[in-house]
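Those protein sequence lines, which keep their order, are chains G and E. The opening position of the first sequence corresponds to residue 1 in this note's numbering, with each subsequent residue numbered one higher. The opening position of the second sequence corresponds to residue 277 in this note's numbering, with each subsequent residue numbered one higher. Heads up, the beta-carbon is just placed ideally off N, CA and C, and yes, glycines get one too. Only a predicted model underlies this, so the values are computations on that prediction, with no experimental measurement involved.
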Amino acid sequence: MEKTNIIETQGATKIYTSSELTVKAVDEVSIGVKAGEFVGLVGPSGSGKTTMLAMLATLLRPTDGRLLIDGQDLVTMSDRERTRFRRQKIGFTFQANNLVPYLTALENVELMLRLNGTNGKTGRQRAEALLTRLGLGDRLDNLPAQLSGGQQQRVAIARSLIHNPSVVLADEPTANLDTERANQVVGIFADLIHEEKRAGIMVTHDLRMCRYVDKVIQMVDGKIARVVTERSEIDLLAGSSEFDRLAPGSTDERQSPASLSSPRLKAPIPAFAGGD
Amino acid sequence: MSVYLGIKEVWRNKGRFFLFSLVIALIAILVLFTAGLGEGLASANKEYLEKLDAELLVFQEGTGYSTVESRLDYRDARRISRVEGVADAGPIAFSNAKIVFENNLEPIDVSFIGVEPGKPGAPTATVGEGLRSNRAKVALVDQRVAQAANVNVGDFITIQVTQGTEEELYDLRVAGITDGQQYFFRPSIFVSLPVWDMYRPKADPSVSSSQPAVNVVAVRANGATTLGGLPAAISSAVKDVESTDIKTAYESAPGFAEQQSTLNTIKAFTFLIGALVIGGFFQIQTLQKIPQIGMLKAIGTPNPVVATASILQIVLVTVFGVVLGGAVTVGLSLGLPSGVPIIFTGTSILIAAVSLLLIGPIGGLVSIRLALKVEPLSALGM
Numbered sequence: 001m002e003k004t005n006i007i008e009t010q011g012a013t014k015i016y017t018s019s020e021l022t023v024k025a026v027d028e029v030s031i032g033v034k035a036g037e038f039v040g041l042v043g044p045s046g047s048g049k050t051t052m053l054a055m056l057a058t059l060l061r062p063t064d065g066r067l068l069i070d071g072q073d074l075v076t077m078s079d080r081e082r083t084r085f086r087r088q089k090i091g092f093t094f095q096a097n098n099l100v101p102y103l104t105a106l107e108n109v110e111l112m113l114r115l116n117g118t119n120g121k122t123g124r125q126r127a128e129a130l131l132t133r134l135g136l137g138d139r140l141d142n143l144p145a146q147l148s149g150g151q152q153q154r155v156a157i158a159r160s161l162i163h164n165p166s167v168v169l170a171d172e173p174t175a176n177l178d179t180e181r182a183n184q185v186v187g188i189f190a191d192l193i194h195e196e197k198r199a200g201i202m203v204t205h206d207l208r209m210c211r212y213v214d215k216v217i218q219m220v221d222g223k224i225a226r227v228v229t230e231r232s233e234i235d236l237l238a239g240s241s242e243f244d245r246l247a248p249g250s251t252d253e254r255q256s257p258a259s260l261s262s263p264r265l266k267a268p269i270p271a272f273a274g275g276d
Numbered sequence: 277m278s279v280y281l282g283i284k285e286v287w288r289n290k291g292r293f294f295l296f297s298l299v300i301a302l303i304a305i306l307v308l309f310t311a312g313l314g315e316g317l318a319s320a321n322k323e324y325l326e327k328l329d330a331e332l333l334v335f336q337e338g339t340g341y342s343t344v345e346s347r348l349d350y351r352d353a354r355r356i357s358r359v360e361g362v363a364d365a366g367p368i369a370f371s372n373a374k375i376v377f378e379n380n381l382e383p384i385d386v387s388f389i390g391v392e393p394g395k396p397g398a399p400t401a402t403v404g405e406g407l408r409s410n411r412a413k414v415a416l417v418d419q420r421v422a423q424a425a426n427v428n429v430g431d432f433i434t435i436q437v438t439q440g441t442e443e444e445l446y447d448l449r450v451a452g453i454t455d456g457q458q459y460f461f462r463p464s465i466f467v468s469l470p471v472w473d474m475y476r477p478k479a480d481p482s483v484s485s486s487q488p489a490v491n492v493v494a495v496r497a498n499g500a501t502t503l504g505g506l507p508a509a510i511s512s513a514v515k516d517v518e519s520t521d522i523k524t525a526y527e528s529a530p531g532f533a534e535q536q537s538t539l540n541t542i543k544a545f546t547f548l549i550g551a552l553v554i555g556g557f558f559q560i561q562t563l564q565k566i567p568q569i570g571m572l573k574a575i576g577t578p579n580p581v582v583a584t585a586s587i588l589q590i591v592l593v594t595v596f597g598v599v600l601g602g603a604v605t606v607g608l609s610l611g612l613p614s615g616v617p618i619i620f621t622g623t624s625i626l627i628a629a630v631s632l633l634l635i636g637p638i639g640g641l642v643s644i645r646l647a648l649k650v651e652p653l654s655a656l657g658m
């Protein structure tokens, strides 16, 4: 039986208007992401991928079209409903400023449970287990300033998953990490999304990170330019610089054909326990 | 949730928040000392009048309620006491004297006040007995005088006054000691009016009367209900007088309003500085936290949680600073010389403390508004 989409957009459009200019940041984009599916949203700057992510995260209202998560229409929700929806249904990892600086790694993860009123002994145990699984078992009581960039991103991943969200969104999660850390972080992210059957979308400039996703959606000028679903094509994309040729219009983020030093990390994740 | 976030941030940044509390404590010390000084100076001016067992003071008409300018006939008190609604009336006469000592101790300047024993204006003794006779050469002394001159009931004090061109010395037996009864920045000694007229500074020492001219008449009313029409009734019954309530009377003292308005201006500016300092601190802190607040909102933290956490921090820091400042103020006040006119009791201190507690949230309002307006998308640079 065909699995239903957890994330579904139908003609999602976002138009920014000013006195002199009208810009279609997202132009009638329709996508679907199923449970356990990890999608890479790629494209040059200004292609609309972050706007798309922001709309899915209920941080931005579309100008037109429908956005559905778990069958719930994001467009018709009030601001209060959107805030509640974000903390209950969405896990979010950002490029930077992911963690609350005065909370420990464990407290940062527990934060989502506290926000949802589901913290407690069981919640703490789950948070500890998740962080341990992410190789941070000995860093539970460390403040973000005492963690490396990669460790902080792993804490953010744990936080984005701890409350069992339907959808996990990541905005450039590897932008501030070196290649090795980037591979570790996205590898873990992908594994957890697959294992826990979440619908995941990662916006990234780094095409090498596409090797961890199940589907690549390339956006150009607010539209979907190409959807890559074949594993061989995705791997080719991740390992070469042919993306520009495959998708005309992508001119400003040329990727070098770097040979990836770290293979995809397989569970059990604590293989790299000890941190970066 | 907001309590959790607010407290955690303060706890994990104890040093920064403590330093800021110290700034608030310093502001609190300044405000409390200013308020204490205001209270002390006001008290030094009005203590005797404020404690009068009377509701009204009657002055000579046209003197603007000035005890210095006003002159009333001694018999006016009798006339006034016969006015309907008046329970009793007592004449009061003010002058100055100096208590001197044989052993070269520093003389004490006092307000030398003549009253009619048993009438409004004559204070009651807390130790010993009050004035009983018009003739006895006895005095009731303010506890400050008793303390400074080291005298007890039954001891003698010597007052020095200028009569004519001579410095005259008179002995008075201390019949009793009153509580604090300062008038015009001096502790007071009370004698009967005939004794007062005999011993007061004057140009002609040979002239004295058992019924001298007095400055004011203190009026005790027959219940508060009759108070409204009483000044008019007194004015119509007795010629050339005007009456007012006690508060207006001491506020009309020369320099009183100017002094209090100066201190109130200092207080107001200190409060303003406090509000700006607190507002500035939390504004800068909020500006630094914009990405963090944006992230919190992006993961689903409701606006009220963000705002309440900020308010809680402001209240915590302010309360701690004010309590600390209050404790330091009390400590410092214990070491102050007795002559310094600072009083840390009274409503003005309470108002100052409450106002200090309010300036935190008021000063922090801008930062709370800023926190509420943070847009997750722009804060996170998305």
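Runs of the beta strand (DSSP E) lying entirely within the segment 111-186 of chain G, each at least 3 residues long, are 167-171 in chain order.
Non-local beta-carbon contacts of leucine 313(E) in its own chain, meaning distances under 6 Å to residues more than five positions away in sequence, involve Ile618 in chain order. Here asparagine 426(E) is exposed: its Cβ has fewer than 16 other Cβ atoms, across all protein chains shown, within 10 Å. With a threshold of 9 Å between beta carbons, glutamine 589(E) makes no contact with chain G. By the criterion of a C-beta distance shorter than 7 Å, glycine 282(E) is surrounded in its chain by Ala585, Leu588, Gln589, once the five residues flanking it on both sides are discounted.
The beta-carbon of arginine 645(E) is placed no less than 9 Å from the nearest beta-carbon of chain G. Using a Cβ-Cβ cut-off of 9 Å, leucine 111(G) counts as an interface residue toward chain E, since at least one Cβ of chain E sits closer than that to its own. According to DSSP, residue pairing for isoleucine 389(E) in a beta bridge involves Phe370(E), Phe466(E). Beta-bridge partners of leucine 68(G) (DSSP): Glu8(G), Asp73(G). A distance below 9 Å separates the beta carbons of alanine 424(E) and proline 463(E). Assignment of alanine 489(E) by DSSP, reduced to helix, strand and coil, places it in the coil class.
DSSP places isoleucine 435(E) in the uninterrupted beta strand (DSSP E) bounded by 432-439. Isoleucine 575(E) has a beta carbon lying within less than 9 Å of a beta carbon in chain G.
Interface flag for glutamine 568(E) against chain G is set, since a Cβ pair is found closer than 9 Å. Per the coordinates, the alpha-carbon of asparagine 97(G) lies some 6 Å from the alpha-carbon of glutamine 568(E). Shown here for threonine 400(E): same chain residues with a beta carbon closer than 6 Å to its own, the five before and five after excluded, namely Gly406 in chain order.
Residue state for aspartate 447(E) is assigned as strand, using DSSP reduced to three classes. The closest CA to that of valine 517(E), considering only Val492(E), Val403(E), Leu325(E), Ser297(E), is found on Val492(E). Between glutamine 419(E) and aspartate 455(E), the CB-CB gap stays under 9 Å.
Glutamate 518(E) sits in a strand when the DSSP states are folded into three classes. By the rule that beta-carbons nearer than 9 Å mark a contact, leucine 67(G) does not touch chain E.
Interface with chain E (9 Å Cβ-Cβ cutoff): threonine 50(G) is included. In chain order, Gly576, Pro578 make up the part of chain E whose C-beta sits under 7 Å from the C-beta of threonine 83(G). Nearest in C-alpha terms to alanine 57(G), of all of Arg198(G), Lys215(G), Arg87(G), is Arg87(G).
Shown here is that no member of the segment 189-207 of chain G has a Cβ falling below 7 Å from a Cβ of chain E. Within 10 angstroms of the beta-carbon of isoleucine 560(E) lie fewer than 16 other beta-carbons, which makes it exposed. In the structure shown, lysine 573(E) adopts helical secondary structure according to DSSP, grouped into three states. When rounded, the separation of the alpha-carbon atoms in valine 490(E) and leucine 633(E) is 47 Å. Scanning the segment 532-591 of chain E from its first residue to its last, the whole alpha helix (DSSP H) runs of 4-plus residues come out as 532-564, 566-574. As computed with DSSP, threonine 22(G) is found in a beta bridge with Thr17(G).
Nearest C-alpha to asparagine 380(E) among Thr434(E), Val414(E), Val595(E): Thr434(E).
Proline 613(E) sits exposed, since fewer than 16 C-beta atoms from the chains shown fall within 10 Å of its C-beta. Secondary structure note for glutamine 218(G): its beta strand (DSSP E) is the uninterrupted segment 215-220. The three-state secondary structure of tyrosine 459(E), taken from DSSP, is strand. Under the Cβ criterion (8 Å, minimum of three pairs), the segment 562-576 of chain E does not count as touching the segment 70-78 of chain G. Distances from the alpha-carbon of glycine 607(E) to those of Gln536(E), Met277(E), Leu308(E) put Leu308(E) closest.
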